[in-house]
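Numbering that gives the first Met the number 0 numbers the first residue of the sequence shown as 0 and each following residue consecutively.
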Amino acid sequence: MERLENIIHKESWIIDGNYESTIDIRLKACDTVFFLDYPVELCIKGIKSRKGKARTDMPWFEKIEEEDDEFITFVKNYNFINKPTIMNLLKNANDKNIIIFKSRKESEEYLSFYLKKDFNKK
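Okay, here's the thing in C-alpha cells:
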C-alpha cells in the first residue's frame with residue numbers, strides 16, 4: 000500500500016491492472032481511466048501468446064513457462080463477477096475522464112493520435 004501511495008502522489012503516473020482492493024484509492028487520485036473492455040477470447044489469446052516469453056514490460060521480469068489456469072478462469076469470469084462492480088464505480092466517477100476501448104484497434108488509434116498531437120507541440 001505504501002508503494003501505491005508513493006506513486007499516486009506524483010505529478011503523473013500510470014497504473015495498469017485490475018486490483019479491486021485498491022481501486023477506490025486509484026480512482027480518487029486519478030484524472031483519467033482507460034478501461035480495456037476487450038472480448039474475453041482476445042484476452043485469453045493474449046495470455047496464451049505470452050507463454051514462454053519474458054515480460055520486460057512488467058515490473059518483475061518473469062518468463063511465463065506455463066499457463067496459469069487460475070488467471071485464465073479469472074479472465075473467463077471477469078465480465079460476470081468483476082466487471083459490473085468496476086463499471087458501477089466508473090459510472091459514478093463523474094469528475095473523471097473515463098475512456099473505454101472495445102478493441103486493440105481503438106486503443107492503438109487513440110494512442111497514435113495523442114502521440115502525434117503531443118509531438119507536434121514541440
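Backbone N, C-alpha and C define an ideal beta-carbon position, used for all residues, glycine too.
Keep in mind it's a predicted model, so treat the numbers as computed, not measured.
Taking 4 residues as the shortest admissible run, the stretch 9-59 contains the following complete alpha helix (DSSP H) segments, listed from N- to C-terminal end: 22-28, 39-48. In this structure C29 touches K95 by the C-beta definition: roughly 7 Å separates them, less than 8 Å. In the three-state DSSP reduction, N5 falls in the helix class (H, G or I). As a beta-bridge residue in DSSP terms, I97 pairs with V32. Selection I71, H8, Y37 evaluated against I24 yields H8 as nearest (Cα-Cα). Exclusion of the five residues before and after E10 leaves no residue of its chain whose Cβ lies closer than 7 Å to its Cβ. For K44 and E105, the gap between their C-alpha atoms comes out near 18 Å. For the 8 Å CB-CB criterion, V32 and N78 do not form a contact. Pairing L26 with D15, the inter-Cα distance amounts to about 12 Å.
N78 carries a helical assignment under DSSP once its states are collapsed to helix, strand and coil.
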